[in-house]
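Each remark here refers to the structure printed beneath this line.
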Amino acid sequence: MEVILKSDNEEKIAKILALAKKLNIDFEKKESGIDKKAIKQKILNYKSDSKLPFGDAAEWERNIREDRELPFKK
1207 MEVILKSDNE EKIAKILALA KKLNIDFEKK ESGIDKKAIK QKILNYKSDS
1257 KLPFGDAAEW ERNIREDREL PFKK
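Counting from 1 along the sequence shown, just add 1206 to a position and that's the residue number in my numbering.
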């Protein structure tokens, strides 16, 4: 059986690992390596160089649909 426990609280994890050692349970400790706070701040502080960072949606749609005639177009 495999159980995955995740926590930011090192003290609680230490208690769980100590209990696992007492009970002779094998365990592996892996660091996630992901700084969620840094990622969140990067997203929240995002600034684009242009007014429309993903391009002009209307222009894109015109280019994509130029070969098709729409049903309401006369």
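The beta-carbon is built from N, C-alpha and C at its ideal position, and this holds for glycine as well.
No experiment lies behind these values; they were computed from the predicted model shown.
Determine the closest residue to Lys1235 out of Lys1257, Val1209 and Ile1270, with distance taken between C-alpha atoms. Val1209
From Leu1225 to Lys1218, what distance separates their C-alpha atoms? Taking the straight line joining both Cα atoms gives about 11 Å.
Lys1248 - DSSP class collapsed to helix/strand/coil: helix
Given this structure, state the Cα-to-Cα distance separating Asp1262 from Asn1269, to the nearest angstrom. Asp1262 and Asn1269: Cα-Cα distance of roughly 11 Å.
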